[in-house]
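J.: Residue numbering for the sequence shown follows the UniProt record's numbering, beginning at 1 and increasing consecutively.
C-beta atoms are modelled at their ideal positions from N, C-alpha and C, and glycine is treated no differently.
No experiment lies behind these values; they were computed from the predicted model shown.
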Amino acid sequence: MAEKIGKHIAIYGKGGIGKSTTTSNISAALAEAGYRVIQIGCDPKSDSTNTLRGNNYLPTVLDSLREGNKIHLDDISIKGFGGVLCIESGGPVPGVGCAGRGINAAVNLLQELNLFEEFKPDYVLYDVLGDVVCGGFAVPIRDGITDRAYVVSSSDFMALYAANNLFKAINKYAPTGGAKLGGVIANSMKPGYHREIVEDFVAKTGTSIAGYVNRSIDVQQSELYGKTVIEAKPNSAQADIYRNLAKYIAENENLVVPNPLGSAELRDWARNWGDRIYDIESGVVGVAEAI
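Pasting the structure below:
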């Protein structure tokens, strides 16, 4: 593989966890800081870059490939907020084929089009569905396409379950040239014990927190406008949270190979937290005592 131009970063997360929202705001913050950024949506829903391009229509790579015509970069990309180059890999015809394989086809085409040599990005962000890290969805972290990966997770068990599965994939592929983990982005944080759950999980798996993103009405309102928080609410505290997260990701070189929990170990860990939360919610103990 030719030497990569810029830092290539994969951002994974369970569907609905706020992965695309987080990725787009990181891209917007990096662009605002003066960097050249590409964001590649690797989800068959093809909605990764919506808020960067004001919900304007963008043909996907796979749709364009299916049409059989010669494809130019302008056919499958559009410049969004701050000049971020937006690309969506797309997915198969419903009921036919594997969505994960589309990522491989999209990446191959982008390399054939000399995307990175022509655009010369400082950062390339791959927004990847993380519910199932099958062969296709593992492509960005398996084949040396990205240098590093981050996972977006809340304190909910299924989000952490998905994060643990990603850790298993990184643990498998990192020793042979795959991406390492840059950290966990703790999203939708609320007051109470939510931070402590994520912090305990990263401590158990030998990983770290890249940043905390609080739940905020600014996020929902900005998305209704078809914009990132960086664009719609640039002076808000939430925008600064994304700016700080982008700065951390830009500067962080503390990459690790995580130690995922085994299935039984993860179940026991979750059950233990369930008992703690029950005691907190029922007033048996306070938050500090339970933690």
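(1) Residues in the same chain with beta-carbon distance under 8 Å from S208, minus the five sequence neighbours each way, listed in chain order, please.
(2) For N165, which residues from the same chain have a beta carbon less than 7 Å from its beta carbon, with the 5 sequence-adjacent residues on both sides left out?
(3) Buried or exposed, going by whether 16 or more other CB atoms sit within 10 Å of the CB of S282?
(4) Residue range of the alpha helix (DSSP H) that I5 falls in?
(5) Could you tell me the distance, in whole angstroms, from the CA atom of Y12 to the CA atom of G68?
(6) State buried or exposed for residue 301, treating a residue as buried only when at least 16 other CB atoms are found within 10 Å of its CB.
(7) Report yes if the C-beta distance between E112 and T49 is below 8 Å; otherwise report no.
(8) Below 8 Å on the Cβ atoms is my guess for residue 299 versus L109; work out the distance and round it to an integer in Å.
(9) Just how far apart, CA to CA, sit K204 and L30?
(10) Report, in whole angstroms, the separation of the C-beta atoms of V213 and N187, which I expect to be a contact under 8 Å.
(11) On the CB-based measure, 16 or more other CB atoms within 10 Å of its CB, does Y242 come out buried or exposed?
(12) State buried or exposed for M1, treating a residue as buried only when at least 16 other CB atoms are found within 10 Å of its CB.
(13) Which residue marks the beginning of the alpha helix (DSSP H) containing N252, and which one marks its end?
(14) Whole-angstrom Cβ separation of G178 and I141, contact assumed at under 8 Å?
(15) Just checking, does the segment 142-158 make contact with the segment 34-43 on the three C-beta pairs under 8 Å criterion?
(16) If T21 sits next to E223, beta carbons under 8 Å apart, how far is it from one beta carbon to the other, in whole angstroms?
(17) Which class does A33 belong to by DSSP, given the choice of helix, strand or coil?
(18) For F81, which of R195, S27, K4 has the nearest alpha-carbon?
(19) Quick one: Cα of L245 to Cα of A237, how far?
(20) Pull up the CB-CB distance for Y248 and G211, whole angstroms please, since I reckon it's below 8 Å.
(21) Going by DSSP in three states, V128 sits in which element: helix, strand or coil?
T.: Concretely, from the data shown:
(1) G183, V184, V202, N254, V256
(2) V133
(3) exposed
(4) Looking at the DSSP string, I5 is not in any alpha helix (DSSP H), and its letter there is neither H nor E.
(5) 30 Å
(6) The structure shown does not extend to residue 301, since the chain is modelled only from 1 to 291, so the question has no answer here.
(7) no
(8) No answer is possible for residue 299: it lies beyond the span of the chain, which begins at 1 and ends at 291.
(9) 31 Å
(10) 5 Å
(11) buried
(12) Confidence at M1 is low in this model, with a pLDDT of 48, below 50, so its placement is unreliable and the value that follows should be read with caution. Its Cβ having fewer than 16 others within 10 Å, M1 is exposed.
(13) Run containing N252: none; DSSP gives neither H nor E here.
(14) 5 Å
(15) no
(16) 7 Å
(17) coil
(18) S27
(19) 13 Å
(20) 6 Å
(21) strand
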